[in-house]
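In terms of mature numbering (1 follows the signal peptide of the UniProt record, and there is no 0), the sequence shown is residues -24 to -1, 1 to 163.
Glycine included, C-beta positions come from ideal geometry on N, C-alpha and C.
Only one structure is covered here, and it is reproduced in the block below.
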Amino acid sequence: MFNKTLLAAVTATLMVGASFNASADDNQGSGKITFTGEVISAPCSIAPGDEDQTIKLGEVADTVLNTAGQYSLPVPVTIHLQDCILSDGTNTIDKVKVTFTSPGVDATDPNLMKNTYEGNVGGASGVGVRLLDAGSNKVTLGTPVTVAFTTTNAYQELNFQARMESLTNNATPGNLKAQANYVLDYK
């Protein structure tokens, strides 16, 4: 009886071990995916990724920025709206007001976002970032910019631009980082 019990225990142990090894051998990688988002009360959804964008302004020569009245070429900044329901059959939403703000602005020009790298190791000095509307007009931070919807399509684009600007024509080489926040108000 003892031998049969011992044999059963050894067999069970071998089977569990074989099962564990087969399972461990099948695992050739693993990971985790975390999903985040937010439900908002609005007629349009902001396309995934556009709620937290990084716009690359490129590598701009200091000679361009240090020439009076010069700045970098503007780079497109687009906020994509999707799943828009702009009409309920009676009322139609035909525009949105976009208000940009920034946690850091230049002391002499409150509409020029300052370089938050300035003063840090590797940071450029004497340069900031300017937002422009689709018509290349300077955006006044804190003041709504009205963007008309030409159709009631479910997909809309809010087009803006950004460029580097020298504060006093004395930009020095280094990294640049500035932040703009935006709020949408549909009308």
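Heavy atom of the ligand HEM within 7 Å of residue 45 beta-carbon: Among the components modelled here there is no ligand, and therefore nothing to report on the ligand HEM.
Contact the segment 73 to 90 vs the segment 32 to 51: 3+ CB pairs below 8 Å: no
First and last residue of the uninterrupted beta strand (DSSP E) at residue 121: 121 to 124
Reduced DSSP category for residue 28 - H, G, I as helix; E, B as strand; rest coil: coil
Residue 161 - containing alpha helix (DSSP H), residue span: Where residue 161 is concerned, there is no enclosing alpha helix (DSSP H), although the beta strand (DSSP E) it sits in stretches over 157 to 162.
Stretch pair the segment 89 to 109 + the segment 54 to 72: three plus CB contacts closer than 8 Å: no
Sufficient close CB pairs (3 or more, under 8 Å) joining the segment 15 to 29 to the segment 82 to 96: no
Bounding residues of the alpha helix (DSSP H) (the contiguous stretch that carries residue 40): 38 to 41
Residue 59 - DSSP class collapsed to helix/strand/coil: coil
Sequence-distant residues of its chain with Cβ nearer than 7 Å to residue 86 (five each side left out): 117
Coarse secondary structure for residue 64, derived from DSSP in three states: coil
Identity of the residues DSSP links to residue 132 by a beta bridge: 57
Reference residue 173; option with closest CA among 31, 109, 12: For residue 173 there is no data in the structure shown, the boundaries of the chain being -24 and 163.
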